[in-house]
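Data block below; observations after.
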Amino acid sequence: TMGRREISDAVLEKIEEALVTSDLGIATVDHLMEQIRWQVRRNELNDAEKIKDSLRSAIREILVKTEQPLAIAPVQKPFTILTIGVNGTGKTTTIAKLAEIFRQQGHTVMLAAADTFRAAAIEQLEIWGERTGCRVVKHAPGADPSAVAFDALRSARARSADILIIDTAGRLHTKAPLMEELKKIERIIAREHQGAPHETLLVLDATTGQNAISQAKLFSSAIRVTGIALTKLDGTAKGGVIVGISDALHIPIRFVGVGEKVEDLRPFNACDFVDALFD
Amino acid sequence: VLSNGFNKARDRLRGKIELTSGNIEEALRDIRLSLLEADVQYGVVKSFIAQVQEKAVGEIVDTRVRHGGRRLKVSPGDHFINICHQELIDLMGPVETGLRFGSRPVSAVMLLGLQGCGKTTTAGKLARHLAKNKRTPLLVAADIYRPAAVQQLKVVGEKLGLPVFSAENASPPEICSRALQHAREIGCDVAIFDTAGRLAIDEPLMQELHDIAAATRPENILLVCDAMIGQDAVNTAETFSRRLDVTGFIMTKLDGDARGGAALSIKQVTGKPIKFLGMGEGLDSLEEFRPEGLASRILG
Ligand SMILES: Nc1nc2c(ncn2[C@@H]2O[C@H](COP(=O)(O)OP(=O)(O)OP(=O)(O)O)[C@@H](O)[C@H]2O)c(=O)[nH]1
Ligand SMILES: Nc1nc2c(ncn2[C@@H]2O[C@H](COP(=O)(O)OP(=O)(O)OP(=O)(O)O)[C@@H](O)[C@H]2O)c(=O)[nH]1
Ligand SMILES: [Mg+2]
Ligand SMILES: [Mg+2]
Numbered sequence: 001t002m003g004r005r006e007i008s009d010a011v012l013e014k015i016e017e018a019l020v021t022s023d024l025g026i027a028t029v030d031h032l033m034e035q036i037r038w039q040v041r042r043n044e045l046n047d048a049e050k051i052k053d054s055l056r057s058a059i060r061e062i063l064v065k066t067e068q069p070l071a072i073a074p075v076q077k078p079f080t081i082l083t084i085g086v087n088g089t090g091k092t093t094t095i096a097k098l099a100e101i102f103r104q105q106g107h108t109v110m111l112a113a114a115d116t117f118r119a120a121a122i123e124q125l126e127i128w129g130e131r132t133g134c135r136v137v138k139h140a141p142g143a144d145p146s147a148v149a150f151d152a153l154r155s156a157r158a159r160s161a162d163i164l165i166i167d168t169a170g171r172l173h174t175k176a177p178l179m180e181e182l183k184k185i186e187r188i189i190a191r192e193h194q195g196a197p198h199e200t201l202l203v204l205d206a207t208t209g210q211n212a213i214s215q216a217k218l219f220s221s222a223i224r225v226t227g228i229a230l231t232k233l234d235g236t237a238k239g240g241v242i243v244g245i246s247d248a249l250h251i252p253i254r255f256v257g258v259g260e261k262v263e264d265l266r267p268f269n270a271c272d273f274v275d276a277l278f279d
Numbered sequence: 001v002l003s004n005g006f007n008k009a010r011d012r013l014r015g016k017i018e019l020t021s022g023n024i025e026e027a028l029r030d031i032r033l034s035l036l037e038a039d040v041q042y043g044v045v046k047s048f049i050a051q052v053q054e055k056a057v058g059e060i061v062d063t064r065v066r067h068g069g070r071r072l073k074v075s076p077g078d079h080f081i082n083i084c085h086q087e088l089i090d091l092m093g094p095v096e097t098g099l100r101f102g103s104r105p106v107s108a109v110m111l112l113g114l115q116g117c118g119k120t121t122t123a124g125k126l127a128r129h130l131a132k133n134k135r136t137p138l139l140v141a142a143d144i145y146r147p148a149a150v151q152q153l154k155v156v157g158e159k160l161g162l163p164v165f166s167a168e169n170a171s172p173p174e175i176c177s178r179a180l181q182h183a184r185e186i187g188c189d190v191a192i193f194d195t196a197g198r199l200a201i202d203e204p205l206m207q208e209l210h211d212i213a214a215a216t217r218p219e220n221i222l223l224v225c226d227a228m229i230g231q232d233a234v235n236t237a238e239t240f241s242r243r244l245d246v247t248g249f250i251m252t253k254l255d256g257d258a259r260g261g262a263a264l265s266i267k268q269v270t271g272k273p274i275k276f277l278g279m280g281e282g283l284d285s286l287e288e289f290r291p292e293g294l295a296s297r298i299l300g
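So the sequences go chain by chain: A and B. The first sequence runs contiguously to residue 279 in my numbering. The second sequence runs contiguously to residue 300 in my numbering.
The following block contains the structure:
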């Protein structure tokens, strides 16, 4: 049977390495390992498996609080979702996936091509609109994104669409003028439609390291962020940053993206996520 | 925005007359924390700290011998930081930002990487950079999957006044070989292949990259990497460079506050040089790699 001194520093270091390489961040890992070392000293844990179980439940405890699926509240139509995030995280593709889910649930969905900046962003969303059977409201490239959002709200209300999803341009959270533009988009939406945006979804890439924390902090201090979608979990990255983000900011994690196809979006499940962390 | 691990280490050694293995160890812990926060991979941090420790201890012995136990002109804190900084610069270098041009009429640059890292935008930046350096580039739209990817590259080409080759109903390897032919026909001397984003674990898509390379023998195979990538940078870089003869890499989105530690990890693990840095969404935002700037940013 296992003795008292079975947990060597080597074992603890291996476990620490597994957590750090899952992008949990050294601060979160140090905090978790401190609790583990304390339990080991009190002889409450005497083998690697028990340590992993203890870590699994500690992390699950944090994530279960933010496991809050998106519910389409019975508000004045359209239920309005604003999609935001830094460049390349998967906002446009996630919108397509959401549109597909809502359509399958029987909702009428419209999309707003409010990324008027990036090359062929409007065309990209239009193709997804075609594929998912959603009307896309757009202006010319270079138009004011707030104007597109405004126009889309008008149009969605006129057509009694159940849901409107607004795509915005990728932007680095450290660029003040771009964050100002985002605030303006939100203001215009709120002014035009009572209670909107009903959901502001921050799209984070699971391959991102500690910078995701900075992204979550700065985006949520600029406008009210009500949900997170974590994309690209079909890769080898574990998305561990979401643990620190949950613990610090308590933003509900709505969805995880697991591929490039329209069906590759699932509601976030804390248990599945934690199991995958320890795979 | 930048962590203060660097400064913490320097402060810790303030007032110390000399570096000892004792006070170095604490400073090294600060540096370790800073590097992990900067997304440098766990194993890479471990070997970096060991290398710095060895150098610093070696330095103590050296300075004692040279100065006969007298005080150093530079404070021990600054001296230690300089060792770390220099070690990082040495590991990230040497500077090899040149692209290879073959003896055939059209050379090729193949861009590859994970989804969304900035390949299409970087293809445009590279084309502009090459054109400024008296080359005649042809942009090649080899991403046949992403909605409007071809259109995106065409818009980029239009903005730059540079030609873009695309073909309907053709596989990426066919597109790229035909592009080389087309380049010769229109007098271009370098083709830049913009490929679809892909996971390194996606076997059919990795085979596609292999097929493109086999069909076109690119002189340059550049892995494009997002500066904000975390610990997975090593897995990704290793897998890509095992399947293909990667000749270098480009780090994008350095205009944000991502520390970019992946640059050190990737360099350590693949041994390939960092060629360029993407510093913005604009097509003029491409710089040739210099280790000093990135080294300070990673150390914090
Ligand atoms: N493997 C994988 N790829 C994804 C996922 N979500 C999006 N992508 C890919 O990531 C790339 C970028 O997706 P986009 O939807 O254009 O990202 P974006 O945030 O709208 O980008 P910008 O508008 O340029 O900021 C595309 O190649 C997508 O197919 C995912 O869950 N898994
Ligand atoms: N801020 C900033 N944004 C960048 C940089 N390089 C690219 N981008 C942005 O990142 C997003 C993704 O760029 P793309 O060029 O579409 O990326 P990609 O790798 O071709 O994407 P896929 O083809 O889907 O894999 C776009 O919004 C670009 O404008 C950079 O250096 N800085
Ligand atoms: Mg987009
Ligand atoms: Mg692309």
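A virtual CB, placed ideally from N, CA and C, is assigned to each residue, including glycine. The structure displayed is predicted, hence computed values, not measured ones.
So which residues on chain B does residue i lean against when the C-beta distance must stay under 9 Å?
i: residue 174/A; result: 1, 255, 256, 257
i: residue 138/A; result: Those within 9 Å of residue 138/A in chain B number zero; the least Cβ separation is about 13 Å.
i: residue 23/A; result: 39, 230, 231, 232
Give every residue of the same chain whose Cβ lies closer than 6 Å to the Cβ of residue i, excluding the five residues on either side of it in the sequence, and list them in chain order.
i: residue 15/B; result: none
i: residue 228/B; result: 258
i: residue 68/A; result: 252
i: residue 192/A; result: 150, 153
i: residue 285/B; result: 279
i: residue 262/A; result: 96, 97, 100
i: residue 122/A; result: 113, 138
i: residue 149/B; result: 143
i: residue 179/A; result: 222
Between residue i and residue j, how many whole angstroms is the CB-CB distance? I'm expecting something under 8 Å.
i: residue 10/B; j: residue 83/B; result: Their Cβ separation, rounded to whole angstroms, is 12 Å, which puts residue 10/B and residue 83/B out of contact at 8 Å.
i: residue 139/B; j: residue 192/B; result: 5 Å
i: residue 153/A; j: residue 95/A; result: About 16 Å separates the two Cβ atoms, so there is no contact after all.
i: residue 45/B; j: residue 28/B; result: That belief does not hold up - the Cβ atoms of residue 45/B and residue 28/B are roughly 10 Å apart, past 8 Å.
i: residue 248/B; j: residue 222/B; result: 5 Å
i: residue 85/B; j: residue 299/B; result: 6 Å
i: residue 215/B; j: residue 166/B; result: Rounded, the Cβ-Cβ distance is 17 Å, inconsistent with contact.
Terminal residues of the continuous beta strand (DSSP E) containing residue i?
i: residue 220/B; result: 220 to 226
i: residue 133/A; result: Premise fails: residue 133/A is in no beta strand (DSSP E) and is neither H nor E.
i: residue 137/B; result: 137 to 142
Which stretch, first to last residue, makes up the alpha helix (DSSP H) that contains residue i?
i: residue 145/A; result: 145 to 158
i: residue 279/B; result: Where residue 279/B is concerned, there is no enclosing alpha helix (DSSP H), given that its DSSP letter is neither H nor E.
i: residue 263/B; result: 262 to 270
i: residue 55/A; result: 48 to 65
i: residue 94/B; result: Premise fails: residue 94/B is in no alpha helix (DSSP H) and is neither H nor E.
i: residue 267/A; result: Here residue 267/A belongs to no alpha helix (DSSP H); instead the beta strand (DSSP E) covers 265 to 267.
i: residue 221/A; result: 211 to 222
i: residue 283/A; result: The requested residue 283/A does not occur in the structure, where chain A is confined to residues 1 to 279.
i: residue 182/A; result: 176 to 192
Taking 8 Å as the cut-off, decide whether the C-beta atoms of residue i and residue j are in contact.
i: residue 115/A; j: residue 137/A; result: no
i: residue 131/B; j: residue 162/B; result: yes
i: residue 295/B; j: residue 266/B; result: no
i: residue 276/B; j: residue 97/B; result: yes
i: residue 245/B; j: residue 194/B; result: no
i: residue 219/A; j: residue 84/A; result: yes
Ignore the nearest five residues each way along the sequence and tell me which others in residue i's own chain have a CB closer than 8 Å to its CB.
i: residue 183/A; result: 222, 223
i: residue 199/B; result: 114, 115, 205
i: residue 31/B; result: 5, 6, 9, 49, 52, 84, 299
i: residue 260/A; result: 93
So which residues of chain B does residue i contact, with C-beta pairs closer than 7 Å?
i: residue 119/A; result: 152, 155, 156
i: residue 232/A; result: 115
Tell me which residues share the same chain as residue i and place their Cβ nearer than 7 Å to its Cβ, disregarding the 5 neighbours each side in the sequence.
i: residue 108/A; result: 161, 162
i: residue 269/A; result: 67
i: residue 253/B; result: 118, 226, 227, 228, 278
i: residue 243/A; result: 24, 28, 59, 62, 63
In chain A, which residues lie with their C-beta within 8 Å of the C-beta of residue i?
i: residue 87/B; result: Per Cβ cutoff of 8 Å: no residues; residue 87/B is ~20 Å from chain A at best.
i: residue 201/B; result: 235, 236
i: residue 118/B; result: 87, 88
Determine the chain A residues that contact residue i at a beta-carbon separation under 7 Å, and present them in chain order.
i: residue 148/B; result: 120, 123, 124, 127
i: residue 235/B; result: 236
Quick one: which chain B residues come within Cβ less than 8 Å of residue i?
i: residue 26/A; result: 33, 36, 37
i: residue 20/A; result: 36, 42, 231
i: residue 17/A; result: 42, 43
For residue i, which residues in chain A fall below 9 Å Cβ to Cβ?
i: residue 226/B; result: 87, 88, 205, 207, 208
Would you verify that the beta carbon of residue i is, or is not, closer than 8 Å to some beta carbon of chain C?
i: residue 221/A; result: Of the protein chains in the structure, A and B, none is chain C.
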